[in-house]
Amino acid sequence: MLFQHDGTPPHMSIQARRVLNASFERRWIGRGGPVSWPARSPDLTPLDFFLWSTIKQYVYHERIDSREELQNKIIEAFAIVTPEMVHNTQRSLLRRARLCIECNGGHFEHLL
2 MLFQHDGTPP HMSIQARRVL NASFERRWIG RGGPVSWPAR SPDLTPLDFF LWSTIKQYVY
62 HERIDSREEL QNKIIEAFAI VTPEMVHNTQ RSLLRRARLC IECNGGHFEH LL
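So the sequence shown is numbered by my numbering: it starts at 2 and just counts up by one.
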């Protein structure tokens with residue numbers, strides 16, 4: 002299993018990378034990691050092209066009036082993510098990677 006790091010600058014400290022190396026035995030993907038990943042590549046990052054949009058749609062579908070309600074909606078949203086949804090996202094990532102290669106790293110969203 003590989004861990005894909007989001008590459009956010011605050012998460013890129015030497016200490017954070019040491020923890021990732023220790024936890025995943027150098028089997029993580031991300032900027033500054035053993036398996037590099039391009040910066041600002043949301044079309045190739047499952048958290049960006051699938052998870053966050055799914056969570057946001059669920060959470061913000063209706064008006065939220067309190068912090069507690071927001072927290073509960075976020076917990077509920079993550080609970081609706083099924084193994085099948087994750088599997089479909091993995092398949093989509095493979096397709097996106099192939100299209101990215103075919104387009105020489107250029108834009109490929111129009112081909113999805």
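Glycine included, each C-beta is placed from N, C-alpha and C at the ideal position.
From this set, the options, which residue's C-alpha is nearest residue i's C-alpha?
i             : options                       : result
leucine 52    : Gln91, Leu71, Gln72 and Glu26 : Gln91
arginine 96   : Thr46, Glu85 and Val82        : Thr46
proline 43    : Gly8, Ala17 and Met2          : Gly8
glutamate 110 : Thr83, Phe25, Ala23 and Phe50 : Phe50
In chain order, what residues of the same chain have a beta carbon less than 7 Å from the beta carbon of residue i, not counting five sequence neighbours either side?
i             : result
methionine 13 : Arg32 and Gly33
methionine 86 : none
Taking the CB atoms as reference points, tell me whether residue i and residue j lie closer together than 7 Å.
i             : j               : result
alanine 78    : tyrosine 59     : yes
tryptophan 38 : phenylalanine 4 : no
leucine 112   : leucine 100     : yes
Could you name the residues of the same chain whose beta carbon sits closer than 6 Å to that of residue i, not counting the 5 residues immediately before and after it, in chain order?
i           : result
proline 114 : Missing from the structure shown is residue 114; the chain here goes from 2 to 113 and no further.
leucine 21  : Trp29
leucine 114 : In the structure as shown, the chain starts at 2 and stops at 113, and residue 114 therefore has no counterpart that could be examined.
Please go through the same chain and pick out, in chain order, the residues whose beta-carbon is closer than 8 Å to the beta-carbon of residue i, but skip the five residues on each side of it.
i             : result
glutamate 63  : none
cysteine 104  : Leu112
isoleucine 75 : Ile56 and Val60
>> Ignoring anything shorter than 4 residues, give me the alpha helix (DSSP H) runs that lie fully in the region 7 to 86, in order along the chain.
In response: 15 to 25, 53 to 60 and 68 to 80
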